[in-house]
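Take a look at the structure below.
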Amino acid sequence: MKRLAFPAFLLAAIVACIMFQPAQAQAETVYVIANINVADTSLTQTEIQNIYLGKKDKWNDNQKINFTALSGGPCHETFLKQHVGRSDFQFQNYWKKQIFTGQGQPPKSFASDAELIDYVSRTSGAIGYSCTQPDTGKVKTLTIN
Amino acid sequence: MKHYATRFWVVALVALFALPAAAVGMGLDDINIHGFVSQGYIYTTEDMDFLVADSHEGSFEFNEMALNFSARPMDDLSMGVQLAAFDMGNISNDEVQVDWAFGDYSFRDYLGIQAGIMKIPFGLYNEVRKVDMVRTSILLPTSVYPEWFRETFARIKGVGLYGTLPGNFSYHAMYGDVDIPTDGGLTDGLESLLADLGMNTSGTEVDYAYAGKLQWDSPFGLKLAASLYTLDGLYLDMSGTGYLPATAPLPVGLPLSVNGRLEFEPLEVYVLSAEYIKDRLTLAAEYAEYELDFSININSNLDAATSAFLGIPSRVGDKTTMQGYYGSIAYRVLDPLEIGAYYSETYYDKSDHSGDKFKAKFGRPEYDSWNKDICLSARYDISPNWCAKVEGHLIDGAYLAYSANARYWEMYAAKLTYSF
């Protein structure tokens, strides 16, 4: 009886994999935005990934980067997939690792584009993203190379 | 372990009162507080015991918890402390320890400095051994992360440097001292090796320790890393008392007292790691070698001739290269559901995969020298704060198990975690 337990466990896992298919995130245009006083006008793909993984915390003029994120939704998932190379779950997992090893704190998160844009416009060195075209009078849009 | 308990109260007070006070102009809102509690259950078949002394009967002595406080008083300066406890059978018994407590000053992206008690960067997962909810499996592969060494590999008290270099190479290096608990996994394991002499550990000492990790992150989800960790001058003071049984030619039992200083010269480990993340898929593989060279000169209350006659050795030890490797896969089937599997092999001696030399040296079965583990795990995220896991292991070999009376056995585990 005991010898059957592991094969039964394996079978249950395979059945679960076959039965359930993951939903695909819809593609959207994501604008990477920054506070108007940030001197940089563009970032490489690696730089933006490193910012959101906490490995780059300074702009080129050594100003502190304040990074922000949406708390969830299609725009957040698209940004993570395109620019961080992770799913939302993997992103959260990564930051839990950082939190519980003392290596950093996750981005400040906002429930809506409007709240995030407002924070970025008011905060020196802030960076974020939005799927609605940002008001260039309030924030600057960064080019991703 | 009393010093850890004392530190708990000191550091708790610092965390609650001194941190905000030191951070001029900061309020409580500027202090980040996070924590988790994990409660597990472990069961092993065939009367085998693994990790927990009575795991064959099923055991709840399998839990972890932590609470941390951190703040950033200046743009380039951060500081924090984490208090943690775990229970794994006879090991630790939920005693609260300072898991990490350090200050971090970042000069540039390519150079930061840390000072205090820091988690050791080793392999992909050493720093987060206690943090169950950041991985798919409950138990990390024994081949690279043997629980025997859990506390020995946990933290360094000293200084560290870190940064990200051009080409997206990041490094983390540290140097300092390591506290080895007298009732931890390493001492427990060595005492079980010397069980015939009834040895207990009364003190530990480390001259110095250093660790380094170099990692390359590709833009397409591949991560490659190499890690090294060395404990130099690791000593364990051991002693034991008892009675020799009354057997011919001795008409009465003799009182026996033995003691000695077990010495590692040194304990050295390296790991090569690879991880690939793509959408919902995570693949990982690691290879580790543990250089172990330990010996103990045994002194007893009996004279040399009597000791020799009774078969009490004057010196016990061994020199070996323990070898381990594994490959793992995890796939997020649904947003809340992830399935994972790994295959792991561990050998006491990398030049003795058959166990023949081991059998000749220690008089124990060949299969006591290896552990080959097929693991299948399922993880369900009930909410962003709650996570439940179950897993099964199909194991060949009894290396690092408490009782070696079966070659093929199974292990099942379940864990529920709350984090915030």
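Quick mapping for you: the protein sequence lines, in order, are chains A and B. Going by this note's numbering, 81 is the number at position 81 of the first sequence; the sequence numbering is gapless. Going by this note's numbering, 1109 is the number at position 109 of the second sequence; the sequence numbering is gapless. Don't be surprised by glycine CBs; every beta carbon is placed ideally from N, CA and C.
### Query
Going by beta carbon distance, what residues of the same chain come within less than 8 Å of A/Phe-33, once the five residues before and after it are set aside?
The sequence as given places Ile at residue 33 of chain A; Phe does not occur at that position. So the list reads Ile-117, Val-120, Ile-127, Gly-128, Tyr-129, Ser-130, Pro-134, Val-139, Lys-140, Thr-141 and Leu-142, once near-sequence residues are dropped.
### Query
Excluding five sequence neighbours on each side, which residues of the same chain lie with their C-beta closer than 6 Å to the C-beta of B/Arg-1235?
The sequence shown places Tyr at residue 1235 of chain B, not Arg. The residues are Glu-1205, Arg-1261 and Glu-1263.
### Query
When Cβ atoms are compared, which residues of the segment 68-98 of chain A fall closer than 9 Å to chain B?
Lys-81, Gly-85, Arg-86, Ser-87, Asp-88, Phe-89, Gln-90, Gln-92, Asn-93, Tyr-94, Lys-96 and Lys-97
### Task
Return the Cβ separation of B/Thr-1182 and B/Glu-1191 in integer angstroms, given the expectation that the two are a contact with Cβ distance under 8 Å.
Rounded, the Cβ-Cβ distance is 10 Å, inconsistent with contact.
### Query
Looking only at DSSP bridge pairs, what is B/Ser-1170 linked to?
B/Thr-1164 and B/Gln-1215
### Message
One question on the structure: do B/Gln-1097 and B/Val-1159 come within less than 8 Å of each other, judged by their Cβ atoms?
### Response
no
### Query
Which residues, taken in chain order from the segment 36-52 of chain A, show a beta carbon closer than 8 Å to some beta carbon of chain B?
Gln-45, Thr-46, Gln-49 and Asn-50
### Task
Measure the C-alpha to C-alpha separation of B/Asn-1301 and B/Phe-1069 and round it to an integer number of angstroms.
51 Å
### Message
Helix, strand or coil for B/Tyr-1004? Go by DSSP, reduced to three states.
### Response
Only weak support exists for where B/Tyr-1004 lies, its pLDDT of 49 falling under 50; the value from the coordinates is given anyway. Correct three-state label for B/Tyr-1004: helix.
### Backbone CA spacing between B/Leu-1222 and B/Trp-1216 [nearest angstrom]
8 Å
### Query
Can you tell which of B/Gly-1167, B/Asp-1087 and B/Leu-1281 has the C-alpha that lies nearest to the C-alpha of B/Leu-1065?
Residue identity differs from the one stated: residue 1065 of chain B is Met in this sequence, not Leu. When only C-alpha atoms are compared, the closest one is B/Asp-1087.
### Task
Please decide whether A/Gly-54 counts as near chain C, where near means a Cβ-Cβ distance under 8 Å.
Given the protein chain composition of this structure (A and B), no chain C is represented.
### Query
Would you say A/Lys-58 reaches chain B, if we count a Cβ-Cβ gap shorter than 8 Å as a contact?
yes
### Task
Measure from the C-beta of B/Thr-1152 to each C-beta in chain A and report whether the shortest distance is under 8 Å.
no
### Task
Residues of the segment 1086-1118 of chain B with a CB closer than 7 Å to any CB of chain A: list them in chain order, please.
Trp-1100, Phe-1102, Ser-1106, Arg-1108 and Asp-1109
### Query
Alpha carbon to alpha carbon, what distance is there between B/Trp-1386 and A/Pro-22?
Residue placement at A/Pro-22 cannot be trusted, given a pLDDT of 49 that sits under 50; what the coordinates show is reported in the next sentence. The straight-line gap from Cα to Cα measures roughly 21 Å.
### Query
If we count the other Cβ atoms within 10 Å of its Cβ and call it buried at 16 or more, is B/Ser-1055 buried or exposed?
buried
### Message
On the DSSP letters alone, give me the boundaries of the alpha helix (DSSP H) that A/Trp-95 sits inside.
### Response
88-99
### Task
Identify, in the order they occur along the chain, each residue of the same chain with its Cβ nearer than 8 Å to the Cβ of B/Asp-1076, setting aside the five sequence neighbours on each side.
Tyr-1105, Ser-1106 and Phe-1107
### Task
May I ask which residues mark the beginning and end of the alpha helix (DSSP H) holding B/Asp-1356?
1356-1362
### Query
Does A/Phe-169 have its Cβ less than 8 Å from a Cβ in chain B?
Chain A is shown from 1 up to 145; residue 169 of chain A falls before or after that span and cannot be answered.
### Query
Is B/Ala-1274 near B/Leu-1224, with beta carbons less than 8 Å apart?
yes
### Message
Could you check whether B/Val-1144 and A/Phe-100 sit closer than 8 Å to each other, using their CB atoms as the reference points?
### Response
no
### Task
At 9 Å on the CB atoms, spell out the chain A contacts of B/Asn-1063, in chain order.
Chain A residues near B/Asn-1063: none, gap ~16 Å exceeds 9 Å.
### Task
Please list the partners that B/Ser-1419 has in chain A, where partner means a Cβ-to-Cβ separation under 8 Å.
Lys-96
### Task
Please list the partners that A/Thr-143 has in chain B, where partner means a Cβ-to-Cβ separation under 7 Å.
Near A/Thr-143 there are no residues of chain B at all, since even the closest Cβ is about 17 Å away, more than 7 Å.
### Query
Considering only the beta carbon of each residue, do B/Ala-1398 and B/Asp-1368 sit closer than 8 Å?
yes
### Rounded Cβ spacing between B/Leu-1209 and B/Leu-1228 (contact assumed at less than 8 Å)
Per the sequence shown, residue 1209 of chain B should be read as Ala rather than Leu. Not a contact, Cβ separation roughly 11 Å.
### Query
Smallest Cα separation from B/Ile-1296: which of B/Pro-1313, B/Ala-1308 and B/Arg-1280?
B/Pro-1313
### Task
Look at the Cβ atom of B/Glu-1391, then the Cβ atom of B/Gly-1123, and state whether they are nearer than 8 Å.
no
### Query
Counting Cβ pairs, one atom from each stretch, are 3 or more of them under 8 Å apart for the segment 1337-1347 of chain B and the segment 1373-1382 of chain B?
yes
### Task
Taking B/Tyr-1342 as part of the beta strand (DSSP E), name the residues at either end of that continuous run.
1337-1347
### Message
Can you tell me whether A/Gly-72 is helix, strand or coil according to DSSP?
### Response
coil
### Amino acids of chain A, ordered along the chain, whose beta-carbon sits closer than 9 Å to that of B/Met-1048
In chain order: nothing, as chain A lies at least about 12 Å away.
### Contact list for B/Glu-1127 against chain A, beta-carbon separation under 7 Å
Thr-101
### Query
For B/Asp-1207, which of B/Asp-1094, B/Asp-1177 and B/Tyr-1408 has the nearest alpha-carbon?
B/Asp-1177
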